[in-house]
Structures are given as C-alpha cells and as structure tokens.
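**Q**
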Amino acid sequence: MEAPLHPDFPIGPTTPTSVPPAYWVGPRHLAGDDGRLYDTVADTLTDLGWMSLVIVRGRRELDEAPEDREVLRSTVLHISPDTLRWAQWVLPDEPFHLGNSPIAWQVSARTDMSSPLAQWSAYFTPDVPGEVLAAFLVALDARDQPAVPLGGPELVLGAVAAHGWLRDIDEPGAGAMDPTFASHVRLAEVPPLIQDAAPIALVAEADEAALAGWQAWAEPVLGAGYLWAASFSASVPHDLVAAFAGSLSSSAPVLRRVLPESTRDRLLHAPAS
C-alpha cells in the first residue's frame with residue numbers, strides 16, 4: 075500500500091492504534107469490509123502483478139514546502155499487465171453515490187489497447203466484503219478477453235442458488251436473495267452515471283427501455299439504508315458477475331475485527347485462534 079502523500083488526505087483507510095480481537099464470522103454478505111477494503115483489494119491486485127499509480131490533483135504555491143501542499147483529490151489506479159483492465163480506488167476522490175453510499179472501487183475493462191474507452195465498468199461501495207471483490211478481480215484477471223460476453227444470467231443465479239439463496243418468486247430468471255431477505259442480486263435497470271460502451275446507453279430516450287445490468291445490495295433492515303451496494307454495467311460478462319455472486323453467497327466464514335453496526339446482531343462469530 076502506498077504511503078499517504080499528505081497526513082490530512084490519506085489514500086486508504088487508516089490503521090487503528092489498537093488492534094481489536096479477530097473473529098470468524100458469517101454470513102459473508104453481511105460481514106462488511108473490516109475497514110480494509112483498500113488493503114484487501116490492493117494486495118490481491120499486487121499478487122496478480124498489476125501495476126499501481128498514484129494520481130494526485132491539488133494546488134501548490136511557488137516556494138511552498140512539499141509538506142504544505144494542498145491536495146484536493148487523489149486516487150490510486152491499478153492496471154493489469156496487458157492494460158486491458160484496471161481498478162481505481164476512488165473513495166478519496168469524491169465519487170458519485172450508489173445506494174446513498176460513495177463509490178470506493180471502480181473496475182473497468184476494454185476490448186483492445188487501441189481503444190482508450192472502457193467497454194464496461196463495475197462499481198462497489200464501502201462494506202462490500204473484500205473477499206468478494208477479490209474473487210471478482212481474480213476471475214477478471216484470468217480472462218484472456220475481459221470484455222467478451224460469456225454465458226447468460228443463469229450463471230449468476232445458479233452461483234447463488236447453489237449456496238441456498240432463493241430465486242425471486244415473480245422473476246426467477248432475473249433475481250435472487252439470501253434466505254433472510256437481507257441481500258439481493260438482480261438483473262435490473264442500470265442506475266444513472268454507470269459507464270458502459272453499449273451505444274444504446276448513450277442514445278436511449280427517457281421513454282425507452284433502459285439497459286439492464288446486474289445490481290447487488292444488502293439492506294439488513296428494510297427502509298433503514300443499505301450496508302453496501304454494487305452495480306455492474308450492462309456489458310459486464312455474466313461469468314464475472316457469477317464469480318462475485320458465488321463468493322458473496324458462500325457459507326465459508328471470513329476473518330473480521332470490525333463488525334458493521336447494522337448487522338452486528340445478525341452475524342454468527344467465533345474467536346479466531
């Protein structure tokens with residue numbers, strides 16, 4: 075992880091001064107990100123051989139000492155060795171919101187090096203479990219052609235159904251939820267500002283059918299706000315979303331020191347020895 079460029083503007087989450095005890099907790103989809111979403115994902119990308127770049131924008135006066143520089147925005151960009159896929163940590167960069175939470179990671183891919191534009195993008199807010207986003211990125215890295223469609227929606231629904239999630243009774247071919255109805259995956263209209271290279275995304279009129287992409291979220295208490303949200307643009311290959319969904323719905327416990335307040339009472343946990 076890169077060192078902060080200015081103490082008042084850390085790029086990633088800060089490390090707590092005292093380390094709380096660790097627990098194995100479940101279900102995974104309600105376990106949060108342990109306050110380490112940057113570190114978990116960045117470590118995964120480093121292990122995959124992706125290069126990281128720090129992008130900083132700010133103001134600096136003449137003869138100003140480096141430590142006095144005012145950093146307005148900063149982000150970290152991770153790029154795959156073939157440059158066809160990239161991931162941005164955009165939380166310090168005042169991103170737009172998804173489900174009333176700011177975007178933390180944006181992942182994109184393009185068809186070839188001749189095009190500077192992303193074919194698709196996916197967005198993840200804080201408290202998306204880091205293990206789940208890591209699974210998505212490992213699947214993305216393993217693909218020779220990251221923007222080529224593969225399979226259909228059944229890949230995603232089958233991945234969660236295999237772990238006991240329930241298909242939507244009204245639209246069994248488009249959505250599923252965990253048995254407690256707290257977390258959902260659904261092929262639905264893509265929210266505003268989600269970037270996709272499909273031409274219809276740019277020319278569709280307000281009264282026309284909008285593009286559908288996979289949306290995922292956790293709402294532990296109906297109407298009380300989201301724990302986390304994820305949005306996949308319409309062109310994200312279904313097999314990559316299935317990797318995300320399969321990890322999200324996994325019954326395997328995850329290691330946590332920090333539990334979300336909204337789900338603390340709903341998590342099973344055991345001390346990690």
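If you read the sequence shown in my numbering, its first letter stands for residue 75, the second for the next number, and so on. All C-beta atoms, glycine included, are put in the ideal place defined by N, C-alpha and C.
#1: Hey, is the segment 249 to 269 in contact with the segment 198 to 215, meaning 3+ C-beta pairs nearer than 8 angstroms?
#2: Expressed to the nearest angstrom, what Euclidean distance is found between the alpha-carbon atoms of residue 176 and residue 313?
#3: Any idea which residues DSSP pairs residue 126 with across the strands?
#4: Quick one: which unbroken alpha helix (DSSP H) runs of 4-plus residues sit fully inside the segment 163 to 229? Chain order, please.
#5: Would you mind reading off the limits of the beta strand (DSSP E) that contains residue 305?
#6: Compute the Euclidean distance between the alpha carbons of residue 124 and residue 234, then round it to the nearest angstrom.
#7: Mapping DSSP to helix, strand and coil, what is residue 238?
#8: Would you say residue 337 and residue 301 are within 8 angstroms of each other, going by their C-beta atoms?
#9: Comparing C-alpha positions only, which one of 346, 227, 330, 117 sits nearest to residue 306?
#10: If you draw a straight line from the alpha carbon of residue 102 to that of residue 203, how long is it in whole angstroms?
#11: Closest to residue 92 by C-alpha separation, out of 339, 192, 111, 332, would be which residue?
#12: Hey, quick one: how far does the alpha helix (DSSP H) through residue 312 stretch, first residue to last?
#13: Looking only at C-alpha atoms, which of 341, 216, 241, 192 sits nearest to residue 269?
#14: Output yes or no for whether 8 angstroms exceeds the beta carbon distance between residue 213 and residue 111.
#15: Quick check on the DSSP output: the beta strand (DSSP E) that includes residue 286 runs from which residue to which?
#16: Taking Cβ to Cβ, would you say residue 315 is nearer than 8 angstroms to residue 99?
#17: I believe residue 318 touches residue 206 by the beta-carbon criterion, under 8 angstroms. Please report the beta-carbon distance rounded to the nearest angstrom.
#18: Find out if the Cβ-Cβ distance for the pair residue 183, residue 115 is shorter than 8 angstroms.
#19: Measuring straight from C-alpha to C-alpha, what distance separates residue 108 and residue 292?
#20: Would you call residue 164 buried or exposed, if buried means 16 or more other Cβ atoms sit within 10 Å of its Cβ?
#21: Among 208, 335, 122, which one has its Cα closest to the Cα of residue 299?
#22: Throw me the rounded Cβ distance for the residue 215 and residue 154 pair, which I believe falls under 8 angstroms.
#23: Residue 329 bridges to which residues according to DSSP?
**A** Looking at the atomic coordinates:
#1: no
#2: 26 angstroms
#3: 152
#4: 204 to 216
#5: 302 to 306
#6: 29 angstroms
#7: coil
#8: yes
#9: 227
#10: 7 angstroms
#11: 332
#12: 312 to 322
#13: 192
#14: no
#15: 286 to 292
#16: no
#17: 6 angstroms
#18: no
#19: 16 angstroms
#20: buried
#21: 335
#22: 6 angstroms
#23: 98
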